[in-house]
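Report on one structure; see the data block that follows.
2 protein chains.
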Amino acid sequence: MTRLPLALLASLLFAFPAWAAKVTSYRLDNGMQVVVMEDHRAPVVVHMVWYRVGAADEPPGKSGIAHFLEHLLFKGTDDLGPGELSRIVRQNGGSDNAFTSWDYTAYFQRVAADRLDLMMTMEADRMRDLRMTVDDVATERKVVLEERGQRIDSNPGALFREQRGAAQYLNHPYGIPVIGWRQEMEQLNRDDAFAFYQRYYAPNNAVLIVAGDVNPDEVLALAQKHYGPLAPTPDLAPRARPQEPPQLVERRMTFTDARISQPYMVRSYLAPERDSGDQREAARLSMLAAVLGGDAATSVLGRKLQFEQKKAIYVNASYDGVSLDDTTFGLVIVPTPDTSMQDAEAALDRAVAEFIDEGVDAEQFARIKMQLRAAQIYQEDNIESLAQDYGEALTSGLTVEDVQAWPDLLQSITEQEVIDAARRIFDKRKAVTGWALPETEAAQ
Amino acid sequence: MTRLPLALLASLLFAFPAWAAKVTSYRLDNGMQVVVMEDHRAPVVVHMVWYRVGAADEPPGKSGIAHFLEHLLFKGTDDLGPGELSRIVRQNGGSDNAFTSWDYTAYFQRVAADRLDLMMTMEADRMRDLRMTVDDVATERKVVLEERGQRIDSNPGALFREQRGAAQYLNHPYGIPVIGWRQEMEQLNRDDAFAFYQRYYAPNNAVLIVAGDVNPDEVLALAQKHYGPLAPTPDLAPRARPQEPPQLVERRMTFTDARISQPYMVRSYLAPERDSGDQREAARLSMLAAVLGGDAATSVLGRKLQFEQKKAIYVNASYDGVSLDDTTFGLVIVPTPDTSMQDAEAALDRAVAEFIDEGVDAEQFARIKMQLRAAQIYQEDNIESLAQDYGEALTSGLTVEDVQAWPDLLQSITEQEVIDAARRIFDKRKAVTGWALPETEAAQ
Numbered sequence: 001m002t003r004l005p006l007a008l009l010a011s012l013l014f015a016f017p018a019w020a021a022k023v024t025s026y027r028l029d030n031g032m033q034v035v036v037m038e039d040h041r042a043p044v045v046v047h048m049v050w051y052r053v054g055a056a057d058e059p060p061g062k063s064g065i066a067h068f069l070e071h072l073l074f075k076g077t078d079d080l081g082p083g084e085l086s087r088i089v090r091q092n093g094g095s096d097n098a099f100t101s102w103d104y105t106a107y108f109q110r111v112a113a114d115r116l117d118l119m120m121t122m123e124a125d126r127m128r129d130l131r132m133t134v135d136d137v138a139t140e141r142k143v144v145l146e147e148r149g150q151r152i153d154s155n156p157g158a159l160f161r162e163q164r165g166a167a168q169y170l171n172h173p174y175g176i177p178v179i180g181w182r183q184e185m186e187q188l189n190r191d192d193a194f195a196f197y198q199r200y201y202a203p204n205n206a207v208l209i210v211a212g213d214v215n216p217d218e219v220l221a222l223a224q225k226h227y228g229p230l231a232p233t234p235d236l237a238p239r240a241r242p243q244e245p246p247q248l249v250e251r252r253m254t255f256t257d258a259r260i261s262q263p264y265m266v267r268s269y270l271a272p273e274r275d276s277g278d279q280r281e282a283a284r285l286s287m288l289a290a291v292l293g294g295d296a297a298t299s300v301l302g303r304k305l306q307f308e309q310k311k312a313i314y315v316n317a318s319y320d321g322v323s324l325d326d327t328t329f330g331l332v333i334v335p336t337p338d339t340s341m342q343d344a345e346a347a348l349d350r351a352v353a354e355f356i357d358e359g360v361d362a363e364q365f366a367r368i369k370m371q372l373r374a375a376q377i378y379q380e381d382n383i384e385s386l387a388q389d390y391g392e393a394l395t396s397g398l399t400v401e402d403v404q405a406w407p408d409l410l411q412s413i414t415e416q417e418v419i420d421a422a423r424r425i426f427d428k429r430k431a432v433t434g435w436a437l438p439e440t441e442a443a444q
Numbered sequence: 445m446t447r448l449p450l451a452l453l454a455s456l457l458f459a460f461p462a463w464a465a466k467v468t469s470y471r472l473d474n475g476m477q478v479v480v481m482e483d484h485r486a487p488v489v490v491h492m493v494w495y496r497v498g499a500a501d502e503p504p505g506k507s508g509i510a511h512f513l514e515h516l517l518f519k520g521t522d523d524l525g526p527g528e529l530s531r532i533v534r535q536n537g538g539s540d541n542a543f544t545s546w547d548y549t550a551y552f553q554r555v556a557a558d559r560l561d562l563m564m565t566m567e568a569d570r571m572r573d574l575r576m577t578v579d580d581v582a583t584e585r586k587v588v589l590e591e592r593g594q595r596i597d598s599n600p601g602a603l604f605r606e607q608r609g610a611a612q613y614l615n616h617p618y619g620i621p622v623i624g625w626r627q628e629m630e631q632l633n634r635d636d637a638f639a640f641y642q643r644y645y646a647p648n649n650a651v652l653i654v655a656g657d658v659n660p661d662e663v664l665a666l667a668q669k670h671y672g673p674l675a676p677t678p679d680l681a682p683r684a685r686p687q688e689p690p691q692l693v694e695r696r697m698t699f700t701d702a703r704i705s706q707p708y709m710v711r712s713y714l715a716p717e718r719d720s721g722d723q724r725e726a727a728r729l730s731m732l733a734a735v736l737g738g739d740a741a742t743s744v745l746g747r748k749l750q751f752e753q754k755k756a757i758y759v760n761a762s763y764d765g766v767s768l769d770d771t772t773f774g775l776v777i778v779p780t781p782d783t784s785m786q787d788a789e790a791a792l793d794r795a796v797a798e799f800i801d802e803g804v805d806a807e808q809f810a811r812i813k814m815q816l817r818a819a820q821i822y823q824e825d826n827i828e829s830l831a832q833d834y835g836e837a838l839t840s841g842l843t844v845e846d847v848q849a850w851p852d853l854l855q856s857i858t859e860q861e862v863i864d865a866a867r868r869i870f871d872k873r874k875a876v877t878g879w880a881l882p883e884t885e886a887a888q
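Chains as they are written, first to last, in the numbering used here: chain A, 1 to 444; chain B, 445 to 888.
Below is the structure:
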């Protein structure tokens, strides 16, 4: 990547249009939250329904049911045949999809703006009237098991990630994979799926996001027409998952697999997430990740380990604070061929310790803040990814105000705060350190 | 310990009285299992009620509630004031106690045999009619938190055990401590405790064990009188906890604490438990633990690591197959002062590998079998510990027949089976290896 001089970057930044999506938020009488983002530059609309339920809300022993149910949502209703929703979206020139995380399950369509009424008709229909036959369940269980086989079981990196996740969380269900443990997926049945559906798929547990070439009043009227009549789930308890006890000792693991060709190390530290009205520590950690592990040529770890010491061919730091409960701060190093894992890890630890001693470089920090502003503007420019951001945030305990406050919060973080946050987060007692090695190397 | 010549041991063994407790088992109409063990050598009786519920049956986020409820059971009923049950037992010259594990919660009294009617009156009373005030709950919560403070938080060995347990189980609630995680214990309330009590404290979830100077018919009549009228919990589902996914990678941890003076290593391997009608692998593992880690002078690990190589001041292998779900096989080594943890661990691994190559020493194996027979006879001689064994087994998925078959099953295990079981169990991918070090040592 070419390094732009700061002055040029700044001029580019201010050259961007000052366009920003207007975000309005309502709540229907049945408890459904409605968020509208106007963007009239193209005659399209993104229609999303986000449920405040994910894999971390599953009953014990039923792992995978949130994601399994996501599949079953395409099986049809009283009014829609199996697969018909997706077919209608395609026939109208649109695309649709769905995704499940630990904190949310979401369904969306992207289509011409004048088809919004049709999208809502179908999405509202499957919120409460899903048809779920024992046959559908049996068929779809095979599909998700096959998905697990392809995405996880045949992928050593994914298996390693699963085992590290389970070791990271001593008590919280974030340690359980979203797709589910195979032996539990094999037992998922219609009753489990239906109970989960009936409880959590309800307007008072959902966020509707409509983004694009729409008028907020019209969207609200349509939402009231389609989603307004749906019955909420009574006595829906606030979300509460088992939380972590004090983590007192680093967990280490060396994963070996013949299919791994390139050794690497991942360390994750338990980290606080963004809480509503209390996002500052998360903002510090975001800045820390950017300083340590952004662009290879200018980041602290990239400069020290790749360019100066030549210990690594890749190094990174990562943190995503959008999470209902405790998340992780990650470090990755891929050593050069003549560097052992032990050396690479020691070099990484040294680099982090030196960074804490040396402090944040002022020029790098100013550059990162500028790049963040630029990225934010790019982001605002993409209405679909902006809608995605709001959906994730609103189903992870944050508000529209929290999302809107975030960019300025990042800008307000000082160099000293980043160093202080680094001192707090790099506590190995809360860490899982994993080495991934080719089988031959482990045998030595 | 003195080594007895085999011939002498054998003669001692056959010199033991051929006494064995007669065990009879019934089931009341409301589903309560009744087990009677006759032993007329002393005019005492042990009266126990075992519930098929323990810490591993707790709802997520409510850790500690099974043990907390055990405390609340002494708070009184409609007919008994707080602490009155224990006071009456003492006034009658007896003793009483209770204990909670992952798989069971048990209450027992040891008292003169003619007081059995009184014991049953009180125990049956608190099975269904417990009084539980908000004040009782608040007071007792302080007590169990204090208990946690003393038994766990101020004990580095216990804290280390907790962290290892959490790392051992990726999915199963055996990874959660019986006493509970502090932050969850602090939230335990009357509603949680009462719901747990109402569901699980019921005759169809209980085993009554009466052992001592009693007549089975009279015990059955008394049981019918006191426990017979109690209502069972309808639709009590079979016990089913989340099971382990494949464990793919060893977890390692180094726990340092200033209060640790003697470094040591514990490794635990996930291991199959005794299943009803299918106890053979567990019997092999029991024999393996006895061969590897019994008496220091004759056991494989003791001989190699303590006596020959002088690498360890203590070494042990342990396995207890009485468990509803997967249990663990443990290895411990405490190195000599001039042996590093790394050397000690490598020596332990080598000793185990050599053992698998060398096979089981026939003379040692014969001696162990003889000692087991002797221990079994001692055990039978202690009616209280025998009752305890039955209680644990019957609340851990086993039957009276399984318990009775166990001693002969152990005797039938061959040397080759022990080696084969060793090959299966010592799979580091299913292991947690923990080093406990004084803080100074870790800082080096």
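We treat Cβ as the ideally placed atom computed from N, Cα and C, and that holds for glycine.
Between residue i and residue j, is the Cβ-Cβ spacing less than 8 angstroms?
i: Pro676 (chain B); j: Asn648 (chain B); result: yes
i: Gln168 (chain A); j: Gln627 (chain B); result: no
i: Ala715 (chain B); j: Tyr758 (chain B); result: no
i: Gly835 (chain B); j: Val651 (chain B); result: yes
i: Phe307 (chain A); j: Ala436 (chain A); result: no
i: Ser323 (chain A); j: Ser396 (chain A); result: yes
i: Val35 (chain A); j: Val432 (chain A); result: no
i: Lys748 (chain B); j: Thr780 (chain B); result: no
i: Arg161 (chain A); j: Lys75 (chain A); result: no
i: Ala289 (chain A); j: Ile413 (chain A); result: no
i: His670 (chain B); j: Thr521 (chain B); result: no
i: Met37 (chain A); j: Lys22 (chain A); result: yes
i: Gln607 (chain B); j: Leu248 (chain A); result: yes
i: Ile419 (chain A); j: Asp39 (chain A); result: no
i: Thr772 (chain B); j: Ser829 (chain B); result: no
i: Gln808 (chain B); j: Pro851 (chain B); result: no
i: Tyr495 (chain B); j: Tyr618 (chain B); result: no
i: Ala637 (chain B); j: Phe512 (chain B); result: yes
i: Asp213 (chain A); j: Ala42 (chain A); result: yes
i: Ile777 (chain B); j: Ala756 (chain B); result: yes
i: Gly64 (chain A); j: Ile179 (chain A); result: yes
Anything in chain B within Cβ reach of residue i, meaning under 7 angstroms, just list it in chain order.
i: Ala240 (chain A); result: Gly505
i: Ile176 (chain A); result: Asn615
i: Thr440 (chain A); result: Going along chain B, no residue has its Cβ under 7 angstroms from Thr440 (chain A), so there is no contact; the nearest lies around 17 angstroms.
i: Pro245 (chain A); result: Trp625, Arg626, Gln627
i: Gln163 (chain A); result: Leu692, Val693
Please look up how many angstroms separate the CB atoms of residue i and residue j, rounded, as I've assumed it's under 8 angstroms.
i: Ile209 (chain A); j: Pro438 (chain A); result: Wrong, their Cβ atoms sit about 44 angstroms apart, outside the cutoff.
i: Val663 (chain B); j: Met629 (chain B); result: Going by Cβ atoms, the distance from Val663 (chain B) to Met629 (chain B) rounds to 38 angstroms, so no, they are not a contact pair.
i: Asp569 (chain B); j: Leu524 (chain B); result: 6 angstroms
i: Ala550 (chain B); j: Met492 (chain B); result: 6 angstroms
i: Arg199 (chain A); j: Gly505 (chain B); result: Contact doesn't hold; Cβ gap of about 17 angstroms is too wide.
i: Pro245 (chain A); j: Asn171 (chain A); result: 6 angstroms
Find the residues of chain B that neighbour residue i, judging by a C-beta separation of less than 8 angstroms, and give them in chain order.
i: Arg251 (chain A); result: Ala611, Arg695, Arg696, Met697
i: Thr159 (chain A); result: In the sequence as displayed, the identity of residue 159 (chain A) is Leu instead of Thr. Here the neighbours are Leu692.
Return the bridge partner residues of residue i from the DSSP annotation.
i: Gln33 (chain A); result: A:Arg27, A:Val207
i: Leu457 (chain A); result: Outside the displayed range of chain A (1 to 444) lies residue 457 (chain A), so it cannot be described from this structure.
i: Glu50 (chain A); result: A small fix is needed here, since residue 50 (chain A) is Trp in this sequence, not Glu. A:Ala106, A:Val207, per the DSSP bridge assignment.
i: Asn760 (chain B); result: B:Val776
i: Met265 (chain A); result: A:Ile333, A:Trp435
Check each residue of the segment 816 to 829 of chain B: if its Cβ is closer than 9 angstroms to any Cβ of chain A, include it; give the result in chain order. Sequence-ordered contacts of the segment 816 to 829 of chain B with chain A are nonexistent [C-beta pairs closer than 9 angstroms].
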